[in-house]
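Participant: Just add 733 to wherever you are in the sequence shown, counting from 1, and you've got my numbering.
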Amino acid sequence: MHEGEPERLKGAENRDTQLLQTVEAAAQIKEDSSSVDSDDSIEQEIRRFLAEKAKVSTADKSKDGDVSRNGTVLVCTPLREEDIKQENQLAEIPIKSISPLSGQCPLISPAQDRPLLSQSLLPDMSTVAAHSHLPSVQSGSPSLLEPADGAEKILNEPLQKPDFFRVSELFSLNDLFDARVHLGHKKGCRHRLMEPYLYGCRLGHDIIDLDQTVEHLQQALNFTAHVAYRGGVILFISRRRQFGHLVERTAKYCGEYAHTRYWQGGLLTNANIQYDAGVRLPDLIIFLSTLNNVFQQHVAIRDAAKMNIPTVGVVDSNCNPSLVTYPVPGNDDTPAAMELYCRLFKMTINRAKDKRRHMEILQGMPAPSTPSS
């Protein structure tokens, strides 16, 4: 083997490798160029397609009608003669004749289910309601919302005046003084909650403030009159034996009820158990004496408070007025004072019932038949 032969072999191998690299580079360049050409051709086809589509859409738009600013197409259909006649008739209708209370809009054709006029020509319904003189739901017209009802008028009219039954004319402060309503018990029997109603102490006896008695008695009589006017059940209660007959006679003359005997606990709270399920509890209880004896409060006051029954009670200086709805500070031991209380309540209840009958006659309503006493 010659010495220069290995060098020639190495040179040939180097040339072969260079040739292969050149061929691969050329092939790579060819592939890149072909890919670029394919991409360019695809992009050109896309542009050509979009251009053709744009031309077609432009032609359609110019054919159909105008194009709005936001790109939406307004399709205008030709109006028929019937539509033009209806449109002219609607144009002659004044705005006031269009009522916002109607269930259907008069500018909508029910047959074609499309507006006959453009939205720009439609009047604003808020403007129509503002200029219209027709009664609306929010106007509070009694002819639409609340028809005039004689029964409602009879019940609501006494609530419009503070002293509808004029109970303030039934008595005066001098009448209370003459009946010895201001006399209380001894100072040692005073209840601490009755101190705001006391005028002072005289010779060891409490003196009740008659100015407050007048105010509280007027409120109690006014409330009693409203209950009697509305047909409520009123119950008179007194545990004093010496005044039992007077209380029962007063209730009889008023057409109401009285209880002057021993009060069994639970008559109000367990009425459904002790009596029938349809028993009616009193709407107002008048206590002419709030004590069972000298030191114990009447049980009916507690039961009435549990059953949310309003109460009117004469409270002396030794009584607890906290559970009484309308307390009347005054003497509950003197016969003259008790006769005054019974007379005032009897006159108030009868006046309220007579007023109710008079109002029903004025309204032309049949008066209910009352049992003869």
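Every residue, glycine too, gets a C-beta built ideally from N, C-alpha and C.
1) Put V1048 into one of helix, strand or coil per three-state DSSP.
2) Short of 6 Å in beta carbon distance, which residues of its chain neighbour L1095, apart from the five on each side in sequence? Order them along the chain.
3) Using the beta-carbon count (16 or more within 10 Å), is E989 buried or exposed?
4) By the DSSP assignment, the alpha helix (DSSP H) with L939 in it spans what residues?
5) Note down, in chain order, each residue of its chain lying with its Cβ closer than 6 Å to the Cβ of P1043, except the 5 sequence neighbours on either side.
6) Nearest to H949 by alpha carbon, out of G1063, A1037 and L1024?
7) According to DSSP, what are the bridge partners of G933?
8) On the three-state DSSP scale, how would you describe F782?
9) Any chance the region 1062-1082 sits against the region 1027-1039, with 3 or more Cβ pairs inside 8 Å?
10) Between the Cα of H1091 and the Cα atoms of S774, Y962 and D896, which residue gives the shortest distance?
11) Measure the C-alpha to C-alpha separation of H915 and N1041 and round it to an integer number of angstroms.
12) Using 8 Å as the Cβ pair cut-off and three pairs as the minimum, do the region 1019-1029 and the region 954-972 touch?
13) How many whole angstroms separate the CB atoms of F904 and R1084, which I take to be in contact at a CB cut-off of 8 Å?
14) When DSSP builds the beta bridges, which residues end up paired with P1109?
15) Taking the DSSP output, what are the residues bridged to L1113?
16) Within this structure, are the beta carbons of C1052 and T1081 separated by less than 8 Å?
17) Determine which residues share a DSSP beta bridge with H992 and list them.
Facilitator: Reading off the structure:
1) Taking the first residue of the sequence shown as 1, we reach residue 1048 at position 315. Residue state, collapsed to three classes: strand.
2) In the sequence shown, counting from the first residue as 1, residue 1095 sits at position 362. So the list is empty, once near-sequence residues are dropped.
3) Position 256 of the sequence shown holds residue 989. The residue in question, E989, is buried, as its Cβ has 16 or more Cβ neighbours within 10 Å.
4) Numbered from 1 along the sequence shown, position 206 holds the residue referred to as residue 939. For the sequence presented, residue 939 should be read as Asp rather than Leu. Premise fails: D939 lies in the beta strand (DSSP E), H938 to I941, not in any alpha helix (DSSP H).
5) As a working mapping, residue 1043 is identified with position 310 in the sequence shown. Counting only Cβ-Cβ distances below 6 Å, and skipping sequence neighbours, we find L1017 and T1058.
6) The count along the sequence shown starts at 1 and reaches residue 949 at position 216. Considering only alpha carbons, the answer is G1063.
7) Here residue 933 is taken as the residue at index 200 of the sequence shown, counted from 1. I940.
8) The residue labelled residue 782 in the question sits at position 49 within the sequence shown. F782: helix per DSSP, three-state reduction.
9) no
10) Start at 1 with the first residue of the sequence shown, and residue 1091 comes out as number 358. Selected option, being the one with the closest Cα: Y962.
11) Translated into positions along the sequence shown, residue 915 becomes position 182. Translated into positions along the sequence shown, residue 1041 becomes position 308. Between H915 and N1041, the C-alpha separation is close to 30 Å.
12) yes
13) Here residue 904 corresponds to residue number 171 of the sequence shown, with the count starting at 1. Here residue 1084 corresponds to residue number 351 of the sequence shown, with the count starting at 1. Going by Cβ atoms, the distance from F904 to R1084 rounds to 13 Å, so no, they are not a contact pair.
14) This structure gives no information on residue 1109, because the portion of the chain shown stretches from 734 to 1106.
15) The structure shown has nothing for residue 1113, since the chain only spans 734 to 1106.
16) On the sequence shown, residue 1052 is found 319 positions in, with the first residue counted as 1. On the sequence shown, residue 1081 is found 348 positions in, with the first residue counted as 1. Cβ atoms of C1052 and T1081: not closer than 8 Å.
17) Here residue 992 refers to the residue found at position 259 of the sequence shown. DSSP output for H992 lists I970 as bridge partner(s).
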